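Participant: Have a look at the structure that comes next, please.
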Amino acid sequence: MRLDLRLNAIVDPEQAGGHSLPDLARQCASGGATLIQLRDKLSATRAMIEAARAIKQALAPLGVPFVVNDRLDVAMAAGADGVHLGQEDMTVTDARRLLGPDAIVGLSIKSVGQAEAAPVDLIDYVGSGGVFVTLSKQQKNPPIGPAGLARIIAVLRRRAPDLPVCGIAGIDASNAGEVIGAGADGVAVISALSRAADPAAAAKSLREIVDAVLAKRDT
Numbered sequence: 002m003r004l005d006l007r008l009n010a011i012v013d014p015e016q017a018g019g020h021s022l023p024d025l026a027r028q029c030a031s032g033g034a035t036l037i038q039l040r041d042k043l044s045a046t047r048a049m050i051e052a053a054r055a056i057k058q059a060l061a062p063l064g065v066p067f068v069v070n071d072r073l074d075v076a077m078a079a080g081a082d083g084v085h086l087g088q089e090d091m092t093v094t095d096a097r098r099l100l101g102p103d104a105i106v107g108l109s110i111k112s113v114g115q116a117e118a119a120p121v122d123l124i125d126y127v128g129s130g131g132v133f134v135t136l137s138k139q140q141k142n143p144p145i146g147p148a149g150l151a152r153i154i155a156v157l158r159r160r161a162p163d164l165p166v167c168g169i170a171g172i173d174a175s176n177a178g179e180v181i182g183a184g185a186d187g188v189a190v191i192s193a194l195s196r197a198a199d200p201a202a203a204a205k206s207l208r209e210i211v212d213a214v215l216a217k218r219d220t
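Plus 1 on top of the position in the sequence shown (first one is 1) and you've got the numbering used here.
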């Protein structure tokens, strides 16, 4: 079954806006997020597993899938639905072998070359960017913009027409439509949700924008 990638909400203890991660995840999901990802670059492994378990429990009544960024060990220990890998993380081949065929495996792709090389038959979705300037993490490369995203998506569509792709980095209500217009199936968002006074309302607003542009594009 194709993963619904319309609104990928990333929760990060460094960007949580004063919310607990389980509550933030729950609010984002209740507002319309279709995938929740935990990204944590700082916590000790045991604390990260505990946080992941708490997020999974908070999401259980809502039926929204949950993946862990980078850390396959944490994803497995916490019973997450899968993992999101960067280009320097464990290989997709190894992750798929360890997690099995039913787990979600996502991959970050930042260039046309990476899109050409990606093991598209082993992944469930792609996060591509950084599309815009972001304050949520250090960007090593300049933003690719919607045009750069469109070039990457074109390669992925040629290789795997049904593989869902979301744009990531610096995306909010003001530019989410441009990301979908570039061919993406959804957006990955951190600050626009976590720093909102009402994350659920912010998620609802973003989903409405994404859904409207997708509906227009598909007609």
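The beta carbon of each residue, even a glycine, is placed where N, CA and C say it ideally should be. In this text the structure is predicted, and so the values were computed from the model without any measurement.
When you compare each of Arg208, Leu157 and Arg158 to Ser175 by their alpha carbons, which one comes out closest?
Facilitator: When each option's Cα is compared against that of Ser175, the closest is Arg208.
Participant: If you follow the alpha helix (DSSP H) that Gln88 is part of, which residue opens it and which one closes it?
Facilitator: Looking at the DSSP string, Gln88 is not in any alpha helix (DSSP H), and its letter there is neither H nor E.
Participant: Consult DSSP for Ser206 and reduce its assignment to one of helix, strand or coil.
Facilitator: The answer is helix: DSSP assigns Ser206 an H, G or I state.
Participant: Once DSSP output is grouped into helix, strand and coil, what is the label at Ile11?
Facilitator: It is a strand residue.
Participant: Give me the DSSP bridge partner(s) of Gln28.
Facilitator: Paired residue(s): none; Gln28 is not in a bridge.
Participant: Return the residue from the list Ala79, Ala26 and Leu150 that minimises the CA-CA distance to Lys111.
Facilitator: When only C-alpha atoms are compared, the closest one is Leu150.
Participant: Taking 8 angstroms as the limit between beta carbons, can you name the residues of its chain near Ser44, skipping five residues before and five after?
Facilitator: Pro14 and Ala52, listed in sequence order.
Participant: Is the beta carbon of Ala55 closer than 8 angstroms to that of Leu73?
Facilitator: It is not a contact, given that the beta carbons lie outside the stated cut-off.
Participant: Quick check on the burial criterion: 16 or more other C-beta atoms within 10 angstroms. Buried or exposed for Asn9?
Facilitator: Buried is the call here.
Participant: At which residues does the alpha helix (DSSP H) containing Leu100 begin and terminate?
Facilitator: Leu100 -> alpha helix (DSSP H) spans Val93 to Leu100.
Participant: So, helix, strand or coil for Ser109, using DSSP?
Facilitator: The answer is strand: DSSP assigns Ser109 an E or B state.
Participant: State the Cα-Cα distance for the pair Asn142 and Val214, rounded to the nearest angstrom.
Facilitator: Rounded to the nearest angstrom, the two C-alpha atoms are 28 angstroms apart.
Participant: Specify the secondary structure class of Leu4 as computed by DSSP and reduced to three states.
Facilitator: Reduced to three states, the DSSP call for Leu4 is coil.
Participant: What are the start and end residues of the alpha helix (DSSP H) that includes Leu150?
Facilitator: Gly146 to Arg160 is the span of the alpha helix (DSSP H), which, as asked, contains Leu150.
Participant: With distances taken from CA atoms, which of Leu63, Ala17 and Ile50 is nearest Ala30?
Facilitator: Per the Cα distances, Leu63.
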